[in-house]
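Protein chains in written order, with our numbering: chain A, 21 to 392; chain B, 1349 to 1622; chain C, 17 to 435. Take a look at the structure below.
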């Protein structure tokens, strides 16, 4: 018995260096960055050997979200949302589609899988360099139609200054409330079948009320800024999204393919015997069964979209505001504009966004382990 | 499944064919451009095969990127080896020597995998400077080892979960302790785990850019930074960046093509809970 | 067997990991690391200087650390990480003026070069105004290697004849002839990525304000939201209407190419474009390409200068000083500048080594009204320049001159301009 407990101590000691390292390098550093973001470390004196730093509370965050000069950060944040949403839609959709095709076991499946997955092995710098050339306005993708005898495209993939789906940042509060109301109503509608009473009370009713209030009294909401500031989906980001989807759809394909292979063939045959079509099989049986895979894919991809620094750096350079991203803005704010505190604040905002996805995921997987 | 040439099958192959072309398009473009001489590169004829094949782009790009390739090789091999070994030990503890709170520690580890690295960049930078490790490869190796721990621990934990506990118990009854069980029972069984983990780490570290550009001096820049430099400057002679891209991609691409099965296993371990 | 393999791998990894610092320590002895953003087309000029150094010190291993990106847009961030990381390069390129003083001198990271200036007799050969600009009350902080002119408009004479236009003397003329060029499918004014918009802005603003008021902006005597300053933005907006739409995806060389290839009529760019067109594109100054002062700035010379400084804790300080001596010497200067397309900062340079463009620029420099460039770090510190880029982005999107004026006021306050 004593042997065992000594072994347990050994086990713990083996783990200890890693615990210390993770403790310092992950949690300690995050804490340090939070602290930096609450100071005024920046400007002319920031570069001295021993800079003067003082605590200023949440001023940096207030500046980022409502300051007159931080419009670029706000556009970057909007970009980041669109990057995530479009990357998720594109990579999950396309990946699932290819997985379904490959699940039909065509000849040369191994070869095909390799083709679809190879982009994933490349670094963003490599793919960014190649795609920058592919998306050059007067060449690459734009002249492909000429080989079919058509007119070349004239879309300015990475340089377009157009944007769609514009909204005014002043109305931010109202927009957030609308989105909240929308989500409440959707959740309620989804739960309507299972427990109509609860769905109405808990979700739909509050959703409708919030929506109605904002609609009626939205003008009374405090405005986020003193002047009008429009943000939207910059069309120049589409080229970057295209490259990311190209790179990561193979990854979701591999996930789904592994999932499909894990589903017993009997289930498929049983479904077919019940008169289900192939389409029904995927829609009603296979894809719902792979919900955990979908969740993982969403987590990983949204994580990747928060790290798009490299790709944007290689494709449009760090200075192209149209395709900006908070990850890039953080680097420039910190190391080029010498504004360490604000850079830290941007990093923390980025971190919060990531945490919104990840913490629920980790908690649920923790619960699963406890259950094991 | 039986295969017959129905219209549905034809559609399947046509769709797959189109997708294959689309996925290979960038690779084709990179190769064609790399093989052209600078004078022949122009936007309207970007897709055409070079009239004269110009291999010198590759030797030129290799000359320029050689130091970066060497740096990346040292960096990747060291950081991969260290983080894999540590991850294996951690995975062993997390799966076979659980103690009160080990799950929560494990979950806290995993969190480190998902943080955007910007959030630790400033303190990391300051810490490496304080440790006198800023600028060179050792600092970069340290960073990659530490932030690689979550994923390597995860993969090994899931991998070792498949080793029957009975095997450990019987070894213990034979009088084996913590380390001898690891070296005699667990380690010999973990070769596939090592392959998967090191492939994963190798690709990640090889492809990393943000730390490369913020934490190293010029002579220690890894390949991604070297390539970004090569591509960022004169956009006129595109053959060099393209040849450079191909050179930078080859190591990971080879791994992927020949050891693809393991790579996919690494992917799955990285994203699906075992 | 497998166990042994594993141990071998680990051991070798440890060994290599341990071996690197040792190796690095060995190498330090004979090295000189020079940090700049002169890559690619601007590379040969720097190489010429390194060659001179190589002949003098054949045993020293020169690390030419370049970070690409025009006007140092990427280099500045990398330099910052190096300096803050306590691992400075031995000597680095920096724009003379506030970019150096407002950033690194204020942070007390530079060595005073006054002794070097006195020892080499540079106090007499560099123009007094320039020395004042690179120094403060406490010392002289960098060695200038060249003088560039920012307000130049480039064109190809044959093309202009073909299109039936003449180089405009002021922006009103430009706006008159621009539709004519557009009708012929020619972009009137080629523009590249963001920093070139800043560059264009300073030429336009100088034309709109005149030299006196331009200077007053930086001393704080003329507010950035004054009607005159806002009018500069209005004019800039009008000029922007005649630029190419894919600007933000082009490098400055590509914008120059547009002019050379006949896709655009004009390009406002600093005179490194002359170096690019004559060295890389092999065009003859005067016939292959032509130039005038950018519209409305005739008789004014908006200058910028590249210089090299000596950071404190430079690892190879002695070699770095030797390097600076070469930069300031007549030989070094006259080897570098003809290739770079700039003129020498020294008053005694050998003009016969320079091409026609440089000769004319040198003449202008000696009798024109001199003003400092904003986009290239003479008049304002880095913080201001970075924020100015943000204001520019805002303007490019909204075209709101009043808002831009107000934004300028607040960034000037934040970065202590004119205080």
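Ideal Cβ positions, reconstructed from N, Cα and C, are used throughout, including at glycine.
(message) Tell me which residues share the same chain as residue 39 (chain C) and place their Cβ nearer than 8 angstroms to its Cβ, disregarding the 5 neighbours each side in the sequence.
(response) As a position in the third chain, residue 39 (chain C) is number 23, starting the count at 1. The predicted model places residue 39 (chain C) with a pLDDT of 42, which falls under 50 and marks its position as unreliable; any figure quoted below should be read in that light. For residue 39 (chain C), where only same-chain residues beyond five positions count, there are no Cβ hits under 8 angstroms.
(message) Considering only DSSP beta bridges, list what residue 52 (chain C) is partnered with.
(response) Here residue 52 (chain C) is taken as the residue at index 36 of the third chain, counted from 1. Partner residues in the beta bridge of residue 52 (chain C), as assigned by DSSP, are C:82.
(message) Assuming residue 252 (chain A) and residue 187 (chain A) are in contact, meaning their beta carbons sit under 8 angstroms apart, how far apart are those beta carbons, in whole angstroms?
(response) Here residue 252 (chain A) corresponds to residue number 232 of the first chain, with the count starting at 1. Here residue 187 (chain A) corresponds to residue number 167 of the first chain, with the count starting at 1. Beta-carbon to beta-carbon, residue 252 (chain A) and residue 187 (chain A) are separated by about 7 angstroms, close enough to satisfy the 8 angstroms threshold.
(request) Provide the residue span of the beta strand (DSSP E) that contains residue 250 (chain A), from first to last. (result) Counted from its first residue, the first chain places residue 250 (chain A) at position 230. First-last of the beta strand (DSSP E) with residue 250 (chain A): 250-254.
(request) Kindly indicate which residue of C:158, C:149, C:114, C:61 has the alpha-carbon position closest to the one of residue 133 (chain C). (result) Here residue 133 (chain C) refers to the residue found at position 117 of the third chain. Nearest of C:158, C:149, C:114, C:61 to residue 133 (chain C), Cα basis: C:158.
(message) Could you check whether the segment 170-181 of chain C touches the segment 223-239 of chain C, counting it as contact only if at least three pairs of C-beta atoms, one from each stretch, sit closer than 8 angstroms?
(response) Look at the beta carbons and you see the segment 170-181 of chain C not touching the segment 223-239 of chain C: under three pairs across the two are nearer than 8 angstroms.
(request) Could you tell me whether the segment 272-290 of chain A touches the segment 203-214 of chain A, where touching means 3 or more Cβ pairs closer than 8 angstroms? (result) With a cut-off of 8 angstroms, the segment 203-214 of chain A and the segment 272-290 of chain A do not count as touching, because too few Cβ pairs lie within range.
(message) Under 8 angstroms, CB to CB, which of the residues in the segment 1406-1417 of chain B have a partner in chain A?
(response) Hits within the stretch: zero.
(message) Which of the three DSSP states is assigned to residue 77 (chain C) in this structure?
(response) Working through the third chain from its first residue, we reach residue 77 (chain C) at position 61. Here residue 77 (chain C) sits in strand by DSSP.
(message) In this structure, how does DSSP classify residue 260 (chain A) when only helix, strand and coil are distinguished?
(response) Taking the first residue of the first chain as position 1, residue 260 (chain A) is located at position 240. Residue 260 (chain A): helix per DSSP, three-state reduction.
(message) Any contact between the segment 1557-1567 of chain B and the segment 1456-1470 of chain B? By contact I mean 3 or more CB pairs, one from each, below 8 angstroms.
(response) Flag = yes, the segment 1557-1567 of chain B and the segment 1456-1470 of chain B touch.
(request) Would you kindly work out how many angstroms separate the C-alpha atoms of residue 271 (chain A) and residue 79 (chain C), rounded to a whole number? (result) For the purposes of this step, residue 271 (chain A) is taken as the residue at position 251 of the first chain. For the purposes of this step, residue 79 (chain C) is taken as the residue at position 63 of the third chain. Between residue 271 (chain A) and residue 79 (chain C), the alpha-carbon positions lie close to 40 angstroms from each other.
(message) What would DSSP say about residue 151 (chain C), mapped onto helix, strand or coil?
(response) As a working note, residue 151 (chain C) is residue 135 in the third chain. In the three-state scheme derived from DSSP, where H, G and I count as helix and E and B as strand, residue 151 (chain C) is classed as strand.
(message) Using CA atoms only, rank isn't needed, just tell me which of B:1489, B:1506, B:1578 is closest to residue 149 (chain A).
(response) For the purposes of this step, residue 149 (chain A) is taken as the residue at position 129 of the first chain. Taking only the C-alpha atoms, the option nearest residue 149 (chain A) is B:1578.
(message) Considering only their Cβ atoms, is the gap separating residue 1490 (chain B) from residue 1497 (chain B) smaller than 9 angstroms?
(response) By one-based count along the second chain, residue 1497 (chain B) stands at place 149. By one-based count along the second chain, residue 1490 (chain B) stands at place 142. No.
(message) With a threshold of 8 angstroms, are at least 3 pairs of Cβ atoms found where one atom belongs to the segment 148-164 of chain A and the other to the segment 321-335 of chain A?
(response) Contact between the segment 148-164 of chain A and the segment 321-335 of chain A is present, because at least three Cβ pairs lie under 8 angstroms.
(request) Over the uninterrupted alpha helix (DSSP H) stretch that includes residue 412 (chain C), give me the two end residues. (result) Taking the third chain and counting its residues from 1, the one referred to as residue 412 (chain C) is at position 396. Per DSSP, residue 412 (chain C) is one residue of the alpha helix (DSSP H) stretching across 398-414.
(request) Could you name the residues that DSSP lists as bridge partners for residue 309 (chain C)? (result) Start at 1 with the first residue of the third chain, and residue 309 (chain C) comes out as number 293. Under DSSP, residue 309 (chain C) takes part in a beta bridge, and its partners are C:168.
(request) Please decide whether residue 1620 (chain B) counts as near chain C, where near means a Cβ-Cβ distance under 9 angstroms. (result) Here residue 1620 (chain B) corresponds to residue number 272 of the second chain, with the count starting at 1. Any reading at residue 1620 (chain B) needs caution, since the residue's pLDDT is 46, under 50, leaving its predicted position unreliable; the model's value is listed next. No, its Cβ sits nowhere closer than 9 angstroms to a Cβ of chain C.
(message) Using a 10 Å radius around the Cβ and a threshold of 16 neighbouring Cβ atoms, would you call residue 1627 (chain B) buried or exposed?
(response) No information on residue 1627 (chain B) is available, as it lies outside the stretch 1349 to 1622 that chain B covers here.
(request) To the nearest angstrom, report how far apart residue 193 (chain A) and residue 245 (chain A) are at their CA atoms. (result) As a working note, residue 193 (chain A) is residue 173 in the first chain. As a working note, residue 245 (chain A) is residue 225 in the first chain. Distance between the alpha carbons of residue 193 (chain A) and residue 245 (chain A): 11 angstroms.
(message) Can you give me the C-alpha to C-alpha distance between residue 316 (chain C) and residue 309 (chain C), rounded to a whole angstrom?
(response) As a position in the third chain, residue 316 (chain C) is number 300, starting the count at 1. As a position in the third chain, residue 309 (chain C) is number 293, starting the count at 1. Each residue's CA atom was taken as its position, placing residue 316 (chain C) and residue 309 (chain C) some 8 angstroms apart.
(message) So residue 124 (chain C) contacts chain A; which residues on that side make the cut at Cβ distance below 8 angstroms?
(response) In the third chain, counting from the first residue as 1, residue 124 (chain C) sits at position 108. Using a Cβ-Cβ cut-off of 8 angstroms, residue 124 (chain C) is close to 68, 69 of chain A, given in chain order.
(message) Looking at the ligand ADP, does it come within less than 8 angstroms of residue 350 (chain C), judged from the CB to the closest heavy atom?
(response) As for the ligand ADP, it is missing from this structure, which has no ligand bound.
(message) I'd like to confirm the pairing. Which residues does DSSP put opposite residue 252 (chain C) in its beta bridges?
(response) For this step, residue 252 (chain C) is matched to residue 236 along the third chain. Beta-bridge analysis with DSSP links residue 252 (chain C) to no other residue.
(request) Have a look at residue 318 (chain A) and residue 110 (chain A) and give me their C-alpha separation to the nearest angstrom. (result) For the purposes of this step, residue 318 (chain A) is taken as residue 298 along the first chain, with counting starting at 1. For the purposes of this step, residue 110 (chain A) is taken as residue 90 along the first chain, with counting starting at 1. Taking the straight line from one Cα to the other gives about 11 angstroms.
(request) For residue 94 (chain A), I'd like the list of residues in its chain whose CB is within less than 8 angstroms of its CB, leaving aside the five on either flank, ordered along the chain. (result) The residue given as residue 94 (chain A) occupies position 74 in the first chain. The beta carbon of residue 94 (chain A) sits closer than 8 angstroms to those of 84, 85, 189, 249, 251, all from its chain and outside the five residues before and after it, given in chain order.
(message) Contact criterion: CB-CB distance below 9 angstroms. Does residue 289 (chain C) meet it with respect to chain A?
(response) Your numbering for residue 289 (chain C) matches position 273 in the third chain. The beta carbon of residue 289 (chain C) sits no closer than 9 angstroms to any beta carbon of chain A.
(request) Identify the contact partners of residue 1566 (chain B) in chain C, using a Cβ-Cβ distance below 9 angstroms as the criterion. (result) As a working mapping, residue 1566 (chain B) is identified with position 218 in the second chain. Correct list: 49, 51, 79, 80, 81, 82, 83, 94, 98, 105.
(request) Could you name the residues of chain C that residue 1424 (chain B) contacts, counting a contact when the two beta carbons are closer than 8 angstroms? (result) As a position in the second chain, residue 1424 (chain B) is number 76, starting the count at 1. Those do not exist, as residue 1424 (chain B) stays about 11 angstroms from chain C at its closest Cβ, beyond 8 angstroms.
(message) Within 9 angstroms of any Cβ in chain C, is that where the Cβ of residue 194 (chain A) sits?
(response) Residue mapping note: residue 194 (chain A) aligns to position 174 of the first chain, counting from 1. False, the Cβ-Cβ gap to chain C never drops below 9 angstroms.
(request) Report the residue from A:48, A:123, A:116, A:196 whose alpha carbon sits nearest the alpha carbon of residue 288 (chain A). (result) Translated into the one-based positions of the first chain, residue 288 (chain A) becomes position 268. When each option's Cα is compared against that of residue 288 (chain A), the closest is A:123.
(request) Within the segment 291-354 of chain C, note down every full alpha helix (DSSP H) run reaching 4 residues or more, in order along the chain. (result) Taking only runs of at least 4 residues, the alpha helix (DSSP H) segments lying wholly in the segment 291-354 of chain C are 333-344.
(request) Determine which residues of the segment 1477-1497 of chain B have a Cβ less than 7 angstroms from any Cβ of chain C, and write them out in chain order. (result) Of all residues in the segment 1477-1497 of chain B, 1477, 1482, 1483, 1484, 1485, 1486, 1489 have a Cβ within less than 7 angstroms of some Cβ in chain C.
(request) Return the residues of the segment 322-345 of chain A that lie within a Cβ-Cβ distance of less than 8 angstroms from chain B, sorted by chain order. (result) Taking 8 angstroms as the Cβ-Cβ cut-off against chain B, the residues of the segment 322-345 of chain A that qualify are 323, 326, 327, 329, 330, 333, 334, 337.
(request) For chain B, find out if any of its Cβ atoms is closer than 9 angstroms to the Cβ of residue 177 (chain A); answer yes or no. (result) As a first step, residue 177 (chain A) is located in the first chain; it is residue number 157 there, counting from the start. By this cut-off, residue 177 (chain A) is not an interface position.
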